[in-house]
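A.B. asks:
Residue numbers (my numbering): 38 to 292.
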């Protein structure tokens, strides 16, 4: 509850012309204006924002491709698709890509019906694959293998940072430290001190540490001229914002 202090010693004297007598007026000063009073030392809240940014160079490339086969029978279409996948894997392994870095992302076997009929005309097998390459100098070799195996389509070429979690934690730690520094600088300049942390929230303020450096789709039937042009990942940044509410205590005039 706010209090008022009666200060009888502080007087304003007004001479009354009629009686020539001195009359004393007293008034109160709200606690908020009292230096050193209890109210001046009541904790108040300070909201600050901190930002953390971490840069990194992508250390892995992910290349997607498609193998599409069709035949009158589902088994035949599947066998052909398997054969072409095996041939591609042999080429990739020969280029130094570990087997575990070659993954089938999806595999669909679907019937194709005759026009205006419920009868099946043929079957298609549509396989989507991804190749994870850690050696950036071997990108062209991977693309050579894809072309030589006559995949039906080369999709995206994506550069990523493998250890995203660590980078995010570094950005979060930097953002929290930035918020603390801001709070300390402000309170020092205002003649106050930080008492404690009341609340904190954060958000992922920037783009992820991943870079879709080149996305393209090639119909392998028409060739793929210029695919082996230099593809270089660029440095990317992740940003985290922290909002903190501190309890501060006024100490008196700064300095």
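Cβ atoms here follow ideal geometry from the backbone N, Cα and C, with glycine treated the same way.
(1) Would you call residue 154 buried or exposed, if buried means 16 or more other Cβ atoms sit within 10 Å of its Cβ?
(2) Could you work out which residue in 98, 180 and 276 is closest to residue 172 when comparing CA atoms only?
(3) According to DSSP, simplified to helix, strand and coil, what is residue 230?
(4) Please name the residue, chosen from 88, 103, 283 and 145, that lies closest to residue 115 on a Cα-to-Cα basis.
(5) Under three-state DSSP, which class holds residue 240?
(6) If you compare alpha carbons, which of 126, 167, 105 and 127 is closest to residue 117?
(7) So, helix, strand or coil for residue 202, using DSSP?
(8) Would you say residue 221 and residue 286 are within 9 Å of each other, going by their C-beta atoms?
(9) What do you reckon, are the CB atoms on residue 166 and residue 141 nearer than 9 Å?
(10) If I'm right that residue 239 touches residue 214 with Cβ under 8 Å, what's the distance once you round it to whole angstroms?
(11) Is it true that the CB of residue 198 sits closer than 9 Å to the CB of residue 96?
(12) Given a threshold of 16 other Cβ atoms within 10 Å of its Cβ, counted over all protein chains shown, does residue 278 qualify as buried or as exposed?
(13) Just checking my contact of residue 157 with residue 148 at CB under 8 Å: how many whole Å lie between their CB atoms?
(14) What are the boundary residues of the alpha helix (DSSP H) that residue 121 is part of?
(15) Taking only runs that begin and end inside the region 124 to 178, name each unbroken beta strand (DSSP E) of 3 or more residues, in chain order.
(16) Could you give the residue range of the beta strand (DSSP E) that holds residue 288?
(17) Which residues in the same chain as residue 272 place their Cβ atom closer than 6 Å to its Cβ, once the five residues preceding and following it in sequence are excluded?
(18) Do residue 223 and residue 85 come within 9 Å of each other at the CB atom, strictly closer than that value?
(19) Label residue 283 either buried or exposed according to how many other C-beta atoms from any shown protein chain fall within 10 Å of its C-beta, with 16 as the threshold for buried.
(20) According to DSSP, is residue 281 helix, strand or coil?
(21) Name the two residues that bound the continuous beta strand (DSSP E) containing residue 91.
(22) Under the DSSP definition of a beta bridge, which residues are partnered with residue 103?
(23) Is it buried or exposed, residue 253, if we count other Cβ atoms within 10 angstroms and call 16 or more buried?
C.D. replies: Quick answer:
(1) exposed
(2) Put simply, of 98, 180 and 276 the residue whose alpha carbon is nearest the alpha carbon of residue 172 is 98.
(3) strand
(4) Nearest C-alpha to residue 115 among 88, 103, 283 and 145: 145.
(5) DSSP places residue 240 in strand when its eight states are reduced to three.
(6) The residue with the shortest Cα to Cα distance from residue 117 is 105.
(7) Helix at residue 202.
(8) no
(9) Annotated as proximal: residue 166 and residue 141, with beta-carbon spacing under 9 Å.
(10) That belief does not hold up - the Cβ atoms of residue 239 and residue 214 are roughly 13 Å apart, past 8 Å.
(11) yes
(12) The C-beta of residue 278 has 16 or more other C-beta atoms within 10 Å across all chains shown, which makes the residue buried.
(13) 4 Å
(14) 111 to 131
(15) 139 to 150 and 157 to 170
(16) Counting along the chain, residue 288 sits inside no beta strand (DSSP E), nor does DSSP assign it H or E at all.
(17) 92 and 94
(18) yes
(19) Residue 283 should be labelled buried.
(20) strand
(21) 81 to 93
(22) 165 and 190
(23) Here the model assigns residue 253 a pLDDT of 33, short of 50, so the residue's position is not dependable and the matter cannot be decided.
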